[in-house]
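*Asks:*
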Amino acid sequence: MKKFNLALLGLTLSTLMQSAYAIEKTYSLPLSNPGEPVSLEIEVHTGAIYIEGFDGESIEVSATMEEIETNELNKIERIIKDVSAELNDGRGNNIEKIGEIISGHKNKHKRKQRSTEGLKSVKNNSMQLEIEEEDNEIEISSEYSTQNVILHIKVPKRTRLDIELYKGGDVEINNISGAIEAEAFKGNIIASGVSGPMVAETHNTDIVVSFDKLNQKNPTSLTSHSGNIDITINKNTAAKVNVQSYKGEILSGLATEFIASEDVQRKNKGGKQKIVIGGMMSAEVNGGGQDITLATYNGNVYVRSK
Amino acid sequence: MNHQTIIDWKLSSINNDLTAELILTDEMQQYIEANPELVKELAFIDAFWQQDNQELPSNELDKRFYKMLLQAQTTQQNIETSQVVKQPQQSSIFTGVKNWLSASSIKPFAQFATLGLVFFLGFNANQNSNSVSQQEKNLVANSGIENLQQEVSSLSAMLALSMLDKSSAAERLTGVAYSQQTDLTDPLLMKTLMSTLEHDRSTAVKLAIINTLNHLPDISEQESQILALAVKENNTLVKVELCSLLLNVGSQETKNELLKILNESELNPDMADFLQRINAISHI
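As you go down the protein sequences, you meet chains A and B in turn.
For what it's worth, my numbering labels the leading residue of the first sequence as 1, then goes sequentially.
For what it's worth, my numbering labels the leading residue of the second sequence as 307, then goes sequentially.
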């Protein structure tokens, strides 16, 4: 029932957002130094980011920008806050209650309307997306919370990525052999055909990564607070896989068994010795190799082999 | 196929000196994958090589390098023949190497050659360590090897410090991994680790540092700082790990203080429950 109610809430919110309009732009940036290392840094406040590695020597950016009207945005955020508080209290457990909450919200936040007589609405079409390139270092940013930015970007496969997305949809990455750093606060991080090293972090959402091969130079670490972590590695990949979930399950498809990784003998000042078994479990796959560390507080950890 | 073959290939490839014989073959790749310690050595070489220093050294510095190389070779021969190794001479070599590595201008080729030297000595020190330990009579030689290992550890600490300062979280993680390879007695390294633990924006880096602290034989010097961090930390994962560290290996006074503070603060119910369970287990 709660899921249904949340779907209803989502419908209400999407109706409120229908007044937004979209601008689509495409850009092609040839690299200053073809064949040299490439880095791409993206910081987007609200939106979604899709990155695909290809064999070219340019950066192809397709951006769709939608305005989220400030008043509507504020209204949505207030409704979400009110409904979430009610749901957490256990009171918003049916459709009628949700309706009452939203009605109550309207009354609670009712403002005196200013006169609009003789005025016409001016649409703000100065949405901002900054793209800079210098010596193969590309920066793309959209730090405004009033616009929803959806980016589809093609980069050379070797590109090193650094991505931050605060709100909106997912971060999706495909066919990248360079190092990846990604942080998503509200959306999933989904990557396939990557080789790491990868350092990724989410708060309430999932991290799903399928490794093509594993970079043995630097460690990979995926961390989520309440989301699941799901990785797939090749059956012949050499790695030391460390897993930790405080309240979730750990599920493995590896042939190698996981064992408690810490077995530390201590000798304190007084000569006292103590053995501590840590919460981390490790599996040395194919003899062991670079570290892949997966840690989540509330979520499950899935380790698959292909 | 042996480690040296791979290291020769690595040094040549870094120096853009790839010949037909030195191209990475499938056999070499398999050998690398089958030897995790070699993977780490290769990463070490890469890390040193990627330092952003492109300035050329003076002729004097080049002469100094070759002089140090000669001295180091002499020292190595002394170890192999189990002859008495004069500690002051060895220290001066490594002190020279460290000083030279710290210099603002390092020619890339000379840098990797020195790196090769360090590895050569490091490998031999490790290899000799097994055989020499069987020849316990040669205490002086053992002392020399221990000193050599300490110097290599010190160089690892320098590398760790360098990596911890990088902007990339993956590289900072590598820095933490290198710090685990030292004995963690370098005060500057420990200070940097604690500072990174406090300020780093990456949860993964913070968790790795806590894991490193878990390997310390004694955390009494860091306890008060860890306690302060545990109390003010907002990141649930990091907070839990800091508390676990203190509850597992902290002094009784620190444990009591931590529990008192936690009991007085408004904790997420899940986390409070979790901490209570950790505390219960730590008394077993």
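Here a beta-carbon is modelled for each residue, glycine too, at the ideal position from N, C-alpha and C.
Is the beta carbon of E43 of chain A sitting closer than 7 Å to the one on N148 of chain A?
*Replies:* Not a contact, by the Cβ cut-off of 7 Å.
*Asks:* State the beta-bridge partners of Y340 of chain A as determined by DSSP.
*Replies:* With chain A covering only 1 through 306, there is no way to say anything about residue 340 of chain A.
*Asks:* Secondary structure at F350 of chain B, three-state DSSP: helix, strand or coil?
*Replies:* F350 of chain B: helix per DSSP, three-state reduction.
*Asks:* Skipping 5 residues on each side, what residues in its chain have a beta carbon closer than 7 Å to that of L535 of chain B?
*Replies:* L503, E504 and L548
*Asks:* Are there 16 or more other CB atoms within 10 angstroms of the CB of E339 of chain B, so buried, or fewer, so exposed?
*Replies:* buried
*Asks:* What are the partner residues of V199 of chain A, as DSSP defines its beta bridges?
*Replies:* A:E181 and A:S221
*Asks:* Note down the Cα distance separating N204 of chain A from K545 of chain B, rounded to an integer number of angstroms.
*Replies:* Rounded to the nearest angstrom, the two C-alpha atoms are 17 Å apart.
*Asks:* If we ignore side chains and look at the alpha-carbon of each, how far apart do A353 of chain B and N554 of chain B end up?
*Replies:* So the alpha carbons of these two residues sit roughly 34 Å apart.
*Asks:* How far does the beta strand (DSSP E) with Y27 of chain A in it extend, from its first residue to its last?
*Replies:* A22 to P30
*Asks:* Could you give the C-beta distance for A200 of chain A and I189 of chain A, rounded to a whole number, given that I count them as a contact under 8 Å?
*Replies:* Rounded to whole angstroms, the Cβ separation of A200 of chain A and I189 of chain A is 5 Å, and the two are in contact under 8 Å.
*Asks:* Around the Cβ of N218 of chain A, are there at least 16 other Cβ atoms within 10 angstroms (buried) or fewer (exposed)?
*Replies:* buried
*Asks:* Against chain B, does P30 of chain A count as a neighbour if the rule is that its beta carbon must be under 7 Å from one of theirs?
*Replies:* no
*Asks:* Strictly by DSSP, which residues pair up with Y302 of chain A?
*Replies:* A:D230 and A:L251
*Asks:* I want to see whether chain B comes within less than 7 Å of H45 of chain A, judged by CB atoms only; does it?
*Replies:* no
*Asks:* Contact between the segment 143-158 of chain A and the segment 472-492 of chain B is defined here as three or more beta-carbon pairs at a separation below 8 Å; is this criterion met?
*Replies:* no
*Asks:* In chain order, what residues of the same chain have a beta carbon less than 6 Å from the beta carbon of D492 of chain B, not counting five sequence neighbours either side?
*Replies:* Leaving aside the five residues that flank D492 of chain B on each side, the residues in its chain whose CB is nearer than 6 Å to its CB run, in chain order, A463.
*Asks:* With distances taken between CB atoms, is the gap from L552 of chain B to T560 of chain B smaller than 7 Å?
*Replies:* Taking the C-beta atoms as reference points, T560 of chain B is found nearer than 7 Å to L552 of chain B.
*Asks:* Check the Cβ-Cβ distances between T518 of chain B and every residue of chain A, and say whether any is below 7 Å.
*Replies:* no
*Asks:* So does S142 of chain A have its beta carbon nearer than 6 Å to some heavy atom of the ligand ATP?
*Replies:* No copy of the ligand ATP appears in this structure; indeed no ligand is present at all.
*Asks:* On a Cα-Cα basis, can you pick out the residue from A:S177, A:Y302, A:Q290 and A:A295 that is closest to L348 of chain B?
*Replies:* A:Q290
*Asks:* I'd like to know whether the C-beta of D489 of chain B is nearer than 7 Å to at least one C-beta of chain A.
*Replies:* no
*Asks:* What did DSSP end up calling P414 of chain B once you bin it into helix, strand or coil?
*Replies:* Residue confidence is low: P414 of chain B scores 45 on pLDDT, short of 50, so the model does not pin down where it sits. No coordinate-derived value is stated.
*Asks:* Residues of chain B with CB closer than 9 Å to the CB of E181 of chain A, please, in chain order.
*Replies:* S474, A475, A476 and S508
*Asks:* Would E132 of chain A be called buried (16 or more neighbouring beta carbons within 10 Å of its own) or exposed?
*Replies:* exposed
*Asks:* How about A191 of chain A: is its C-beta nearer than 7 Å to some C-beta of chain B?
*Replies:* no
*Asks:* Less than 7 Å between CB atoms is the rule here; does A238 of chain A satisfy it with respect to chain B?
*Replies:* yes
*Asks:* Please report how far the alpha carbon of L470 of chain B lies from the alpha carbon of K186 of chain A, in whole angstroms.
*Replies:* 28 Å
*Asks:* Checking the sheet assignment: what are the DSSP bridge partners for E60 of chain A?
*Replies:* A:S28 and A:K154
*Asks:* Can you tell me whether V61 of chain A is buried or exposed, with buried defined as 16 or more other CB within 10 angstroms of its CB?
*Replies:* buried
*Asks:* Going by beta carbon distance, what residues of the same chain come within less than 6 Å of D506 of chain B, once the five residues before and after it are set aside?
*Replies:* K512
*Asks:* With a threshold of 7 Å between beta-carbons, can S221 of chain A be considered close to chain B, or not?
*Replies:* yes
*Asks:* Using the beta-carbon of each residue, which ones in chain A are nearer than 9 Å to A479 of chain B?
*Replies:* The residue you asked about is not Ala; residue 479 of chain B is Leu in the sequence shown. Those are P197, V199, N218, P219, T220, S221, D291 and T293, listed as they occur along chain A.
*Asks:* List the residues of chain A whose Cβ lies closer than 8 Å to the Cβ of L513 of chain B, in chain order.
*Replies:* S221, T223, T293 and A295
*Asks:* Is there contact here, the segment 244-257 of chain A with the segment 205-225 of chain A, by at least three beta-carbon pairs under 8 Å?
*Replies:* no
*Asks:* Is it right to say N228 of chain A is buried, meaning 16 or more other beta carbons lie within 10 angstroms of its own, or is it exposed?
*Replies:* It is buried - the Cβ of N228 of chain A has at least 16 other Cβ atoms within 10 Å.
*Asks:* In chain B, which residues lie with their C-beta within 7 Å of the C-beta of G287 of chain A?
*Replies:* A340 and P342
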